[in-house]
Amino acid sequence: MEIQPTGGGGFYIYLKREELRTPAERDITMADAFALVRRAVGGDFSDSEPRYCLELYEGRDSLLLFAAPNPGKPAFFAFAGLEDLIGAAKSCGPGIVSFLFAYRDTYYLSVYQQEPEPPPAQLFEFGEELALSPFFPLFLAEHGAALAGPYAIDTIKEAF
Numbered sequence: 038m039e040i041q042p043t044g045g046g047g048f049y050i051y052l053k054r055e056e057l058r059t060p061a062e063r064d065i066t067m068a069d070a071f072a073l074v075r076r077a078v079g080g081d082f083s084d085s086e087p088r089y090c091l092e093l094y095e096g097r098d099s100l101l102l103f104a105a106p107n108p109g110k111p112a113f114f115a116f117a118g119l120e121d122l123i124g125a126a127k128s129c130g131p132g133i134v135s136f137l138f139a140y141r142d143t144y145y146l147s148v149y150q151q152e153p154e155p156p157p158a159q160l161f162e163f164g165e166e167l168a169l170s171p172f173f174p175l176f177l178a179e180h181g182a183a184l185a186g187p188y189a190i191d192t193i194k195e196a197f
């Protein structure tokens with residue numbers, strides 16, 4: 038098993054098929070993936086409240102698993118116009134994990150803060166907070182347009 042950091046608290050795990058503890062004739066499940074992460078980071082890892090988001094790529098003779106820190110539950114903000122979005126972004130600090138989408142003449146910003154830190158107050162001033170499912174970005178990516186991420190606020194500041 039090869040484990041390498043990827044930055045930002047994430048890492049990847051590379052395994053050859055003979056290192057896996059699953060039969061070759063069956064696919065790797067998410068339970069198997071969490072067991073691999075548990076082996077990599079130690080026994081204190083819990084998949085009931087995962088600290089990592091996982092991406093799994095299974096090859097014929099190997100497996101590549103990327104683990105990134107779970108950003109937590111997103112806060113969502115809607116902006117009716119570009120001016121309000123730019124004003125909000127320019128008043129926020131750097132390094133906020135955020136994604137920007139456009140859908141039906143509205144800009145949507147999903148913001149991921151570490152618990153219990155709330156989103157920046159400026160976002161409430163310029164935009165409207167929405168109480169939505171954490172899966173709302175998937176809807177926006179499919180039916181709208183994904184414009185920026187994972188640091189959309191920083192991207193907006195750089196562009197304007």
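Residues in the sequence shown are numbered consecutively from 38, following our numbering. Ideal placement from N, C-alpha and C gives every residue a C-beta, glycine not left out. What you are looking at is a predicted structure, and each value in this text was computed from that prediction instead of being measured.
{"Query": "Cut-off 6 Å between Cβ atoms - residues of its own chain near TYR49, not counting five sequence neighbours on either side", "Result": "GLN41, THR43 and PHE103"}
{"Query": "CB contact flag (ILE65, CYS129, <8 Å)", "Result": "no"}
{"Query": "Residues near LYS110 in its chain [Cβ-Cβ closer than 6 Å; skip 5 each side]", "Result": "PRO171"}
{"Query": "Reduced DSSP secondary structure (H/G/I, E/B, other) of GLN41", "Result": "strand"}
{"Query": "Beta-carbon proximity check, VAL148 vs PHE114, cutoff 8 Å", "Result": "yes"}
{"Query": "Range covered by the alpha helix (DSSP H) that runs through LYS207", "Result": "This structure cannot speak to residue 207, because the chain is shown only from 38 to 197."}
{"Query": "Residue(s) in a DSSP beta bridge with PHE136", "Result": "SER147"}
{"Query": "Limits of the beta strand (DSSP E) - the one that ALA168 falls within", "Result": "Premise fails: ALA168 is in no beta strand (DSSP E) and is neither H nor E."}
{"Query": "Beta-carbon proximity check, LEU91 vs ALA77, cutoff 8 Å", "Result": "no"}
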